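**Student:**
In this note's numbering, the protein residues as written are 2 to 407.
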């Protein structure tokens, strides 16, 4: 398949999942620090990327990618620690790798959460202030900026059903968090542009929604997972069935829909839904998708779903900015051949190209702390021994290096 000019190959990580170093330079606690994970595990060491970043950038250089997408820790910045990101960005540039910065990948500072977190409108303003602080230090060297990663997951898993931090189970009463995340995104876009950012976009988690006999249930889920976050950014509106529930003030949607230089799609799998069973407070019910192979996480492997999702975005938004696949990856048991991971990435990279994406970022560079699943899931091109922290490139690392070169 022919690559378009300027196609960007990259890999992604997030601060909380790889950095460790909870107490370095006065870092403030985040809502994830003590959140229950599998077996009582925590991310206080994780991959120790904070101290071993030079080794990790050397791996990136060997991989040959054009960009590294990483996130900044808001709790570190509250403590005044931007020095680590200064050093990381300089190391990346010296290796010829473009820094792609995400400002928020779920690690809300505890002090922000205690003031109401994303359920409070003022958090959007505090987030914009944080964006200004980060940009003032790094904007001259960062290629691309993403204010908020996957607000759908923060809203649905973190605030609606309590599976993720901060562990709230509010169902539809979680919707104010969605609006404040969208508003925080828009205010941060303005702050980044005012600081001179070269390119600002987003990274939304998207899933094609397949109906199991009930199109209305599928539409209801699609509104919550996809359009609740794409519509206000790209069209300045909320889906009709949710609009009256959103705490929108005059001028908010003009802020959320600030023009973007690119649109990031994080894709892992489609979702199938049916009509809810009696007693279910939601207007849909999730259904298994058994006819496809599964990752180690149990997610169905459907590369065509990525092409389908990008096509839906293009059909819904006439002026859709250039699309980058900002996360795509899979968890499998470690094996020398790494055949399943290679097959997954090859098929999804081809799907991204078929859909006309401008770039493809593998999740993830290395095994890491997988949120409420602890260290049980391994997404990395690089295997991490969590006892010794030794990094060992997998066969998929070699495959991806060759794919980038080719």
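Ideal placement from N, C-alpha and C gives every residue a C-beta, glycine not left out.
Please read all numbers here as calculations on a predicted model, not as lab measurements.
With which residues is residue 364 paired in a DSSP beta bridge?
**Tutor:** 13
**Student:** So residue 206 and residue 267 are in contact, right, with Cβ under 8 Å, and what is the actual spacing, rounded?
**Tutor:** 5 Å
**Student:** Within its chain, find whatever has a CB closer than 7 Å to the CB of residue 86; leave out the 5 residues flanking it on each side and keep chain order.
**Tutor:** Once the five neighbours on either side are set aside, the close Cβ partners of residue 86 are 73, 139.
**Student:** Which same chain residues, not among the five before or five after residue 197, have their C-beta less than 8 Å away from its C-beta?
**Tutor:** 136, 140, 141
**Student:** Using a threshold of 9 Å, state whether the C-beta atoms of residue 150 and residue 105 are closer than that.
**Tutor:** yes
**Student:** Using the rule of at least 16 other Cβ atoms within 10 Å of the residue's Cβ for burial, across every protein chain shown, is residue 164 buried or exposed?
**Tutor:** exposed
**Student:** Tell me whether residue 335 is buried or exposed, calling it buried when 16 or more other Cβ atoms sit within 10 Å of its Cβ.
**Tutor:** exposed
**Student:** Please report how far the alpha carbon of residue 173 lies from the alpha carbon of residue 161, in whole angstroms.
**Tutor:** 7 Å
**Student:** Which residues in the same chain as residue 247 place their Cβ atom closer than 8 Å to its Cβ, once the five residues preceding and following it in sequence are excluded?
**Tutor:** 176, 177, 179, 180, 239
**Student:** At the level of alpha carbons, what is the spacing between residue 1 and residue 290?
**Tutor:** The displayed coordinates of the chain run from 2 to 407. Any statement about residue 1 would go beyond what the structure contains.
**Student:** Could you say if the segment 57–66 and the segment 27–34 meet the contact criterion of at least three C-beta pairs nearer than 8 Å?
**Tutor:** no
**Student:** What do you reckon, are the CB atoms on residue 332 and residue 307 nearer than 9 Å?
**Tutor:** no
**Student:** Which of helix, strand or coil does DSSP assign to residue 311?
**Tutor:** helix
**Student:** Does the separation of the CB atoms of residue 202 and residue 263 fall below 9 Å?
**Tutor:** yes
**Student:** Compute the beta-carbon to beta-carbon distance between residue 395 and residue 382, rounded to the nearest angstrom, for a pair I have assumed lies under 8 Å.
**Tutor:** Taking C-beta atoms under 8 Å as the contact rule, residue 395 and residue 382 qualify, at a distance of about 6 Å.
**Student:** Assuming the contact rule is C-beta atoms closer than 8 Å, residue 374 and residue 39 should be a hit. Round their C-beta distance to whole Å, please.
**Tutor:** 5 Å
**Student:** Within the chosen definition, does the segment 314–325 reach the segment 358–370 through at least 3 CB pairs nearer than 8 Å?
**Tutor:** yes
**Student:** Going by the CB atoms, is the gap between residue 349 and residue 301 shorter than 9 Å?
**Tutor:** No. Outside cutoff.
**Student:** Can you give me the start and stop residues for the beta strand (DSSP E) that residue 265 sits inside?
**Tutor:** Boundaries of the beta strand (DSSP E) around residue 265: 264–267.
**Student:** What's the C-alpha gap between residue 368 and residue 278?
**Tutor:** Straight across, the Cα-Cα distance linking residue 368 with residue 278 is about 38 Å.
**Student:** Indicate whether residue 261 and residue 234 have their beta-carbon atoms separated by less than 9 Å.
**Tutor:** yes
**Student:** Would you mind stating whether residue 134 and residue 186 have Cβ atoms separated by less than 9 Å?
**Tutor:** Against a cut-off of 9 Å, the Cβ pair of residue 186 and residue 134 comes out as no contact.
**Student:** Between which two residues does the alpha helix (DSSP H) containing residue 188 stretch?
**Tutor:** From DSSP, the alpha helix (DSSP H) with residue 188 extends over 176–196.
**Student:** Rounded to a whole number of angstroms, what is the C-alpha to C-alpha distance between residue 251 and residue 237?
**Tutor:** Those two C-alpha atoms are separated by around 12 Å.
**Student:** Looking only at its chain, what residues have a beta carbon closer than 7 Å to the beta carbon of residue 397, apart from the 5 residues adjacent to it on each side?
**Tutor:** 339, 342, 343, 346, 382
**Student:** Whole-angstrom Cβ separation of residue 117 and residue 109, contact assumed at under 8 Å?
**Tutor:** Not confirmed; about 11 Å, so no contact.
**Student:** Out of 191, 155, 168, state which residue places its alpha-carbon closest to the alpha-carbon of residue 182.
**Tutor:** 155
**Student:** For my contact list, residue 9 and residue 68 are in at a C-beta cut-off of 8 Å; report their separation, rounded to the angstrom.
**Tutor:** 5 Å
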